[in-house]
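Reviewing the structure listed below.
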Amino acid sequence: MTLPENMTAKWAAFENLSPWDVHDLLQLRQAIFVLEQTSLYADIDGKDPLAWHFLIRNRETRVLAGAIRLFTGLENGDARIGRVVIARESRGSGLGRTMMLAGIDKAEALAPGCRIHVTAQAHLEKFYKSLGFRTVSKIYLEDGIPHIDMLRGD
């Protein structure tokens, strides 16, 4: 995993996140998904306690730059990566690729040979394909935003 020198990264189960981690994670997801993308949905969905969380922070400012959540042990031993979020000021820096590669590596470490699912915003299909995902659905609206289902493995 290639991480910019001014960034730190960590994986944590929900119960091992600090109160500040949880605050910053929810704040970032709200800022991007709800406010910037004007998507009114219930971000606090009760699933965060069941997920692994990957957080990338600016080393100096401690500002959360990006995050994903990962679920393993789904049907047939599959995994799912979701809530992929990058702060506006950190976009274009390669963090999306870094986070997704970390998610793929973690999923494969926890569930060797697993298939990995993502529900992707449709405009990011080419990005996810570059990571080995293939499209397995037609475009559909989720929370008012065009999405597609993608799968890696098998």
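Be aware that the sequence shown starts at 1, since it is given in full-length UniProt numbering, and climbs by one per residue. Cβ coordinates follow ideal geometry from the N, Cα and C atoms, glycine included. Quick caveat, the model's predicted, so the values are computed rather than measured.
Query, Result
"With which residues is Phe133 paired in a DSSP beta bridge?", "For Phe133, which the question treats as bridged, DSSP gives no partner whatsoever."
"Note down, in chain order, each residue of its chain lying with its Cβ closer than 7 Å to the Cβ of Arg57, except the 5 sequence neighbours on either side.", "Met7, Thr8, Val63, Leu64 and Ala65"
"Quick one: measure Cβ to Cβ for Ala111 and Thr72, integer angstroms, because I've assumed they're closer than 8 Å.", "5 Å"
"With 9 Å as the threshold, decide whether the Cβ of His53 is near any Cβ in chain B.", "Of the protein chains in the structure, only one exists, and it is not chain B."
"Please report the residue range of the alpha helix (DSSP H) in which Gly103 lies.", "Leu95 to Leu110"
"Pairing CB atoms from the stretch 80-91 with CB atoms from the stretch 25-35, are three or more of them under 8 Å?", "yes"
"Could you please give me the residues that DSSP links to Phe14 through a beta bridge?", "None; Phe14 has no bridge partner."
"I'd like to know whether the C-beta atoms of Ala122 and Ile104 end up nearer to each other than 9 Å.", "no"
"Let me know if Ala42 comes out buried or exposed under the rule of 16 or more other beta-carbons within 10 Å of its beta-carbon.", "exposed"
"Considering only the beta carbon of each residue, do Ala67 and Met99 sit closer than 9 Å?", "yes"
"Please work out which residues of its chain come closer than 6 Å, Cβ to Cβ, to Met150, disregarding the five sequence neighbours upstream and downstream, and give them in chain order.", "Val118, Ala120, Tyr128, Phe133 and Thr135"
"Measure the C-alpha to C-alpha separation of Pro49 and Val34 and round it to an integer number of angstroms.", "21 Å"
"Measure the beta-carbon distance from Ala79 to Ile116 and round it to whole angstroms, keeping in mind my assumption that it falls under 8 Å.", "5 Å"
"Taking only the alpha-carbon atoms, compute the straight-line gap between Glu108 and Leu70 and give it to the nearest angstrom.", "11 Å"
"Residues in its own chain within less than 8 Å of His53 by CB, not counting five upstream and five downstream?", "Trp11, Ala12, Ala13, Phe14, Leu17, Asp21, Leu25, Ala67, Ile68, Arg69 and Leu70"
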